[in-house]
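Numbering (the working numbering), first residue to last: 427 to 667.
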């Protein structure tokens, strides 16, 4: 009787799987489904993997767990990230880089148990230095870093307050959320504040100051898309791209 596949831990959902890429990589190596399954059984002890398992993954009928994906990538001589869709969480970015939790924890300068808790909850609690180290270890872009650490909405709220009031008071809180130099954050917030206020002034001028919504629409649009205005300035050294 064939061993059954282990059930997936509720705390470890399957990572996003790019099944067309798996098929393309296997075919490029001239391997049949059975060859891949044999390699995973022989080299990684995944005795329940069969040719049908590989075929189901490639058809999108099932998806490998993180351990299975890592073994599949090694069998197909590729990085785990090549078999994944867009990484959405801290854990998925680590898997895509083919790193063990211990490696990331060590590079970020946090205790392994603390890192595992943060990965499980997708809630990063490192300081500024540790945040910068995490971004380097996982190759995270700034938007990715903010997303996987659950900071998108807190950042957006700070930016909305910065552009509508006195931006100087928000430099420190924003810098605490991002692995970015404080001086650069200062430049970006100043530019965003000036941009927002100039847009509001132009709208008021066009509307002659008449009507309760003379400036409301322009302001709401900017505030709703505040992160879209923020990221190009951050990436461009403080200058809009």
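Every residue, glycine too, gets a C-beta built ideally from N, C-alpha and C.
With distances taken Cα to Cα, identify the nearest neighbour of residue i among the options.
i: residue 458; options: 471, 476, 472 and 574; result: 476
i: residue 531; options: 440, 646, 561 and 647; result: 561
i: residue 468; options: 491, 501, 439 and 453; result: 501
i: residue 660; options: 643, 626, 572 and 623; result: 572
i: residue 626; options: 452, 593 and 644; result: 644
i: residue 482; options: 456, 444 and 454; result: 444
i: residue 544; options: 520, 516, 603 and 524; result: 516
i: residue 615; options: 603, 593, 539 and 623; result: 593
i: residue 721; options: 653, 455 and 471; result: The structure shown has nothing for residue 721, since the chain only spans 427 to 667.
i: residue 623; options: 520, 612 and 591; result: 591
i: residue 524; options: 587, 565, 536 and 586; result: 565
To the nearest angstrom, report how far apart residue i and residue j are at their CA atoms.
i: residue 499; j: residue 553; result: 33 Å
i: residue 484; j: residue 466; result: 15 Å
i: residue 479; j: residue 463; result: 8 Å
i: residue 563; j: residue 504; result: 19 Å
i: residue 651; j: residue 486; result: 34 Å
i: residue 555; j: residue 610; result: 16 Å
i: residue 658; j: residue 447; result: 31 Å
i: residue 648; j: residue 533; result: 38 Å
i: residue 656; j: residue 580; result: 14 Å
i: residue 639; j: residue 608; result: Note that residue 639 scores a pLDDT of 46, beneath 50, so its modelled location is shaky and nothing firm can be said.
i: residue 449; j: residue 497; result: 15 Å
i: residue 529; j: residue 509; result: 21 Å
i: residue 646; j: residue 628; result: 15 Å
i: residue 596; j: residue 460; result: 58 Å
i: residue 473; j: residue 539; result: 30 Å
i: residue 602; j: residue 495; result: 35 Å
i: residue 453; j: residue 470; result: 21 Å
i: residue 582; j: residue 493; result: 35 Å
i: residue 519; j: residue 526; result: 11 Å
i: residue 692; j: residue 456; result: Residue 692 lies beyond the stretch modelled for the chain, which goes from 427 to 667, so this question has no answer here.
i: residue 621; j: residue 612; result: 14 Å
i: residue 617; j: residue 587; result: 14 Å
With residue i and residue j assumed to form a contact (beta carbons below 8 Å), what rounded beta-carbon distance in angstroms separates them?
i: residue 605; j: residue 567; result: Rounded, the Cβ-Cβ distance is 11 Å, inconsistent with contact.
i: residue 442; j: residue 514; result: 7 Å
i: residue 569; j: residue 584; result: Actually they are not in contact, since the Cβ atoms of residue 569 and residue 584 sit about 16 Å apart, beyond 8 Å.
i: residue 506; j: residue 522; result: 6 Å
i: residue 619; j: residue 589; result: 5 Å
i: residue 576; j: residue 549; result: 5 Å
i: residue 547; j: residue 491; result: In fact, because the Cβ distance is near 19 Å, the residues do not count as touching under 8 Å.
At a Cβ threshold of 8 Å, is residue i touching chain D?
i: residue 498; result: Absent from the structure: chain D. Only one protein chain is present.
Name, in chain order, the residues that DSSP records as bridge partners for residue i.
i: residue 510; result: 443
Self-check item: Sequence ranges, alpha helix (DSSP H) only - wholly within the stretch 526–554, length at least 4
Solution: At a cut-off of 4 residues, the continuous stretches assigned as alpha helix (DSSP H) that sit fully inside the stretch 526–554 are 527–534 and 538–547.
Quiz item: What beta strand (DSSP E) runs, 3 residues minimum, are completely inside the stretch 461–495?
Solution: Taken in chain order, the stretch 461–495 contains no complete beta strand (DSSP E) segment of 3 residues or longer.
Exercise. Return the chain-ordered ranges of every alpha helix (DSSP H) run that is complete within the stretch 572–659 and spans a minimum of 4 residues.
Key: Those alpha helix (DSSP H) runs which fall completely within the stretch 572–659 and span 4+ residues are 578–590, 597–603, 608–633 and 642–650.
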